[in-house]
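In our numbering, the protein residues as written are 31 to 386.
Notes to accompany the following structure.
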Amino acid sequence: MVSKKEESHGMVPRPKIFGNLIGEVIAKKICCKCGLCVSSCPVNSIMMTEEGPKLISPCKQCEACYYGCPRSQAFSGELLETSLTSGNRDDVLGRYVKIISARTTSDEIRARGQDGGVVTTLLIYAIKNKMIDGAVVASKGHQDPWKPMPKLALTVEDVLNAAGAKYSNCPNLVALGDALFCYNLDKVCVVGVPCQVTAARNVKVQPKAARKIGDKIEFIIGLFCVETFNHKRLLEYLTTRGIDMQRVSKFDIKDGKFKAYADNAEVLCVPVKDLKDCVNEFCYVCRDLTALYADISVGAIGSQRGWSTVIIRTDRGAELFESAVREGYLEVKDIGEGIAALKKVAERKASGKWLL
């Protein structure tokens, strides 16, 4: 973006660098900590911390971090939408080929995954059939299993270990850099919540972003998301209610309730609104429930218990999904009136009235 002063004087515009991100995004507390800026930096000058991305060595002014950022002033949703190949378009659900319910046919995945286990199944199918070399996911941390960490899943076991929902934010896209610069992978699937999906699509289509990374993204799978929680504040909340995080086997949000399970038993069930102080500030500006710029979007809203709602948005997404169905990895059924329920929640978030 050229300033009026620079334009009127015929000056060469200043490069948009990490300092611009500090002023436009980080200082305003709208940085979603997706991690793309870390992966985009060709000289490893940016590091992700608990507080967000930090500059740790001189910036080379390549502009990749700025133009890749999904919350910089250069971001254009129209640019991203034109890259999608689906003909149908809904005002709140975005572009799509079709919307259905699906679930895994694997008992193991059903036991370890979330809802219908669709995302885990798609990743395993894609790895086994060499459609991808690896997947960027949020995996359990080594010391704190419920503090998600960015992970490059290279094997079926890696994917299974990452299965299940984590409701704290995770800078997934840090692992994109690992895929390219550590493992030299050619075909990567990115799995993430809407802000991360937006960043992943942006780095594929924005000319000034780190297209060397974007060109390696084969598929983008989005997860429905209302909001994420600050891990430290969530931990404090649960601890005051006597929940031992080391014993927790699963978290879930259903019907407006936040639930925790340990030893296959429910140990906590509270209204989601009770966790309003745990919500990350950067979620307040998000209006995207269903990951509008994914190839495939997946979530629970709109489907029966044990099934996942699947929004196929692109031809590439349809190719992956239909192949998995055809070879017996997934079973599908009509979502019926579930679309109306999904639209209702999506409209609420799009209007900004979703906030706890």
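Just so it is clear, CB atoms sit at the ideal spot from N, CA and C, and this is done for glycine as well.
- With contacts defined as CB atoms closer than 8 Å, Leu305 and Arg271 fail to qualify as a contacting pair.
- Gly164 is bridged by DSSP to Val218.
- Taken atom to atom, the span from the alpha-carbon of Glu311 to that of Phe281 is near 21 Å.
- For Thr134, the uninterrupted beta strand (DSSP E) segment begins and ends at Lys128 to Thr134.
- Listed in chain order, the non-local C-beta contacts of His172 below 8 Å within the same chain comprise Met179, local neighbours out to five positions each way being set aside.
- Listed in chain order, the beta strand (DSSP E) runs fully inside the segment 330–372 are 338–342 and 360–363, counting runs of at least 3 residues.
- Taken atom to atom, the span from the alpha-carbon of Gln226 to that of Cys200 is near 10 Å.
- Residue nearest to Glu187 within the set Ala230, Gly146 and Gly164 is Gly164 (criterion: CA-CA distance).
- Beyond the five residues adjoining it in sequence on each side, Asn118 comes within less than 6 Å, by CB distance, of Tyr126 in the same chain, given in chain order.
- Straight across, the Cα-Cα distance linking Asn74 with Lys58 is about 24 Å.
- Looking at the backbone, the Cα of Glu81 and that of Ala205 are separated by about 18 Å.
- With respect to Ala195, Gln236 sits apart: the two C-beta atoms are not nearer than 8 Å.
- The segment 105–119 and the segment 249–260 do not touch, with fewer than 3 CB-CB distances between them shorter than 8 Å.
- At a Cβ-Cβ threshold of 8 Å, Leu51 and Cys89 do not count as neighbours.
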